[in-house]
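Written out below as structure tokens is the structure these notes cover.
2 protein chains.
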Amino acid sequence: MSNRRRLQVSQPHGVFAPRSAVVGGQGVALLGAHPAARAQASSVEGSGLGEATPVEPETPSSVVAAPDPEELLQVGELAKAAGKTVRAIHLYEDLGLIHAHERSEKGRYRLFAPDSLQRVRWISKLQHLGLSLSQIQELVREHEDADSARLGASKLRQLYLDKLAETQERIAALRSLEVELRASLAYLSTCDSACEPNLSIRSCTECERHLGHAAPELVAGLHIT
Amino acid sequence: MSNRRRLQVSQPHGVFAPRSAVVGGQGVALLGAHPAARAQASSVEGSGLGEATPVEPETPSSVVAAPDPEELLQVGELAKAAGKTVRAIHLYEDLGLIHAHERSEKGRYRLFAPDSLQRVRWISKLQHLGLSLSQIQELVREHEDADSARLGASKLRQLYLDKLAETQERIAALRSLEVELRASLAYLSTCDSACEPNLSIRSCTECERHLGHAAPELVAGLHIT
DNA sequence: CTTAACCCTTACGTATGGGTGAGGGTTACG
DNA sequence: CGTAACCCTCACCCATACGTAAGGGTTAAG
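The listed protein sequences correspond, in order, to chains A and B. The first sequence maps to residues 0 to 224 in numbering that gives the first Met the number 0. The second sequence maps to residues 0 to 224 in numbering that gives the first Met the number 0.
Now the structure itself:
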């Protein structure tokens, strides 16, 4: 075999290829890459670099890093690596959050540059920060037609400032919930030790077994008519 | 006037009644309450208790606390007090998460006991804990036909144990986002001070002004093709 | 009597972030 | 050549938690 990229790697059909094979590639390969890329692929092979290490190989080429055609990812690979579904990747592409580096000639497969993975992870982080996909879309668009680097950076800075404040609020809210949960658990532990086995659940509101502690709201709320 | 509950409180029509009036009530009043309740209302009035203080008046009555008919809340009052919409309250009622204590005779207005407010707040807290309304529904149903107090309590305890763990995970995740946000802000602050005004935003990937610090993922993600 | 603020029920609409096919290709393996 | 694993493009479907009328009451104020 002349290339690391090969299909199905001689695994039985109905079985998922092991991770190394999955990362190595499982379809496409030289399927539709540029002829140039194709040639490059066969010549580069055996370069001595680790199979799929995510370290940058110090590309000493041009300023604009041309992604090694061997490292292009199919949508399924990208999805799996990012913990997303193929559908999600498609969606992100539709929304313009991500771009395939190229398409294979034959099947028109999307081929993503390796840093697309970083991009998808970035999207996920923003989602966890509470941004919707359309807000991310807006952010990306603003960035794409930003006049200067400085202005773009300052926009981003403002966004992250807001998000920092928001995140701190959310943390505070969750911490207070945590405190309430702990109090509730402490309160409820009494039930396990001191409650008599066949008391009706309606009698909880008059329970005197909690050493004068009122039921925390998280507990009391359930006992309301 | 014979009662605290009165309508519109002599405010101009198009204007929202001030908070005190809102809490005091603005409709219904003796509109449809039980005749018994109605009588009670006029006799109890001027009991000397604070207008609408949420403290329990130590009801020395029967074991099952009969809500003072004067303190019953209309759906709008309840909603406002809980920071929800009327629609949301209706929804909660439909789902069986909350029950109107009674309906007025004339307009069939929902009249809620004061502790419904606590209940609604409880619902909100559970939502913030990540429970969906149907999960809350399930919890309420389980509780309602729980055989014994102890078993009910132990179920709740288990739930809250899970939620405590989950909440801690969420806090940890948010904290790590917070760290990333701070790092990104620090990184971006350099842009404001050291970046030249008319550099293209495409040049960010080769920026050497950040003292050898690589761009944090939250920043780098945006610069990807 | 009109207006305005509440309320009622019923019921359809909405946004988000995908899920889930259907119908059709491409490769590689046996 | 069949099968299985990828992939493609539509294009409809889904659950959640309400929003938003529409059509119709009730009261109190002017």
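Cβ coordinates follow ideal geometry from the N, Cα and C atoms, glycine included. Nothing here was measured: the structure is a model prediction, and the numbers come from that model.
In its chain, beyond the 5 residues on either side, Val85, Ile88 and Arg109 have a beta carbon closer than 6 Å to the beta carbon of valine 74 of chain A. Minimum Cα-Cα distance from glutamate 168 of chain A among the listed residues B/Val178, B/Leu173 and B/Ala164 corresponds to B/Leu173. Using a Cβ distance threshold of 7 Å, arginine 118 of chain B and isoleucine 223 of chain A count as a contacting pair. A Cβ-Cβ contact shorter than 7 Å links leucine 94 of chain B with glutamine 136 of chain B.
In the DSSP annotation of this structure, arginine 201 of chain B is not part of any alpha helix (DSSP H), being labelled neither H nor E. The beta carbon of leucine 187 of chain B sits closer than 8 Å to the beta carbons of Val218 from its chain, once the five residues preceding and following it are set aside; these are given in chain order. Per DSSP, the continuous beta strand (DSSP E) segment holding leucine 110 of chain A begins and ends at 109-111. Proximity to glycine 220 of chain A across B/Leu116, B/Leu72 and B/Gly106 peaks at B/Leu116, based on C-alpha coordinates.
A residue is called buried once 16 or more other Cβ atoms fall within 10 Å of its Cβ, and arginine 149 of chain B is buried on that count. The Cβ of alanine 152 of chain B sits closer than 7 Å to at least one Cβ of chain A. In chain order, Leu180 make up the part of chain B whose C-beta sits under 7 Å from the C-beta of lysine 162 of chain A.
From the beta-carbon of lysine 83 of chain B, no residue of chain A is found nearer than 8 Å; the closest lies around 14 Å away. 7 Å or more divides the Cβ of alanine 193 of chain A from the Cβ of arginine 181 of chain A. In the three-state reduction of the DSSP assignment, arginine 140 of chain B falls in the helix class, which pools H, G and I. Counted as a single uninterrupted DSSP element, the alpha helix (DSSP H) harbouring leucine 158 of chain A occupies residues 148-193.
Look at the stretch 168-192 of chain B: the residues with a C-beta under 8 Å from a C-beta of chain A are Arg169, Ile170, Ala172, Leu173, Arg174, Leu176, Glu177, Glu179, Leu180, Arg181, Ser183, Leu184, Leu187, Ser188, Cys190 and Asp191. Per the coordinates, the alpha-carbon of histidine 98 of chain A lies some 11 Å from the alpha-carbon of aspartate 114 of chain A. Taken in chain order, the unbroken stretches of alpha helix (DSSP H) that lie wholly in the stretch 68-130 of chain B and span 4 residues or more are 74-81, 85-93 and 114-127.
With a threshold of 16 other beta carbon atoms within 10 Å, glutamate 76 of chain B meets it and is buried. In the displayed model, histidine 209 of chain A falls within coil according to three-state DSSP, outside both helix and strand.
Non-local beta-carbon contacts of histidine 142 of chain B in its own chain, meaning distances under 8 Å to residues more than five positions away in sequence, involve Gly151, Lys154 and Leu155 in chain order. At a C-beta separation below 7 Å, aspartate 114 of chain B has these neighbours in chain A: Ile223. Comparing alpha carbon positions, the residue from B/Ser175, B/Arg120 and B/Pro68 closest to alanine 78 of chain B is B/Arg120. Under the three-state reduction of DSSP output, alanine 145 of chain B falls in the coil class, being neither helix nor strand. Alanine 219 of chain A carries a helical assignment under DSSP once its states are collapsed to helix, strand and coil. In terms of beta-carbon proximity, leucine 198 of chain A lines the interface with chain B, with at least one pair separated by less than 7 Å. The beta carbon of arginine 102 of chain A lies closer than 8 Å to those of Gly31, Tyr108, Arg109 and Leu110 in the same chain, with the five residues before and after it left out. Judged by their CB atoms, glutamate 179 of chain B and proline 215 of chain B are nearer to each other than the 7 Å cut-off. At a cut-off of 7 Å between C-beta atoms, alanine 99 of chain B does not count as an interface residue with respect to chain A. Taking a Cβ-Cβ cut-off of 9 Å, glutamine 73 of chain A has no neighbours in chain B, whose nearest Cβ is about 18 Å from it. If you compare the alpha carbons of B/Lys124, B/Leu71 and B/Cys203 with that of lysine 83 of chain B, the shortest gap goes to B/Lys124.
For glycine 220 of chain B, the closest Cβ of chain A is nearer than 7 Å.
Contact with chain B is found for serine 147 of chain A, since one of that chain's Cβ atoms lies less than 7 Å from the residue's Cβ.
Pairing glutamine 126 of chain B with leucine 176 of chain A, the inter-Cα distance amounts to about 11 Å.
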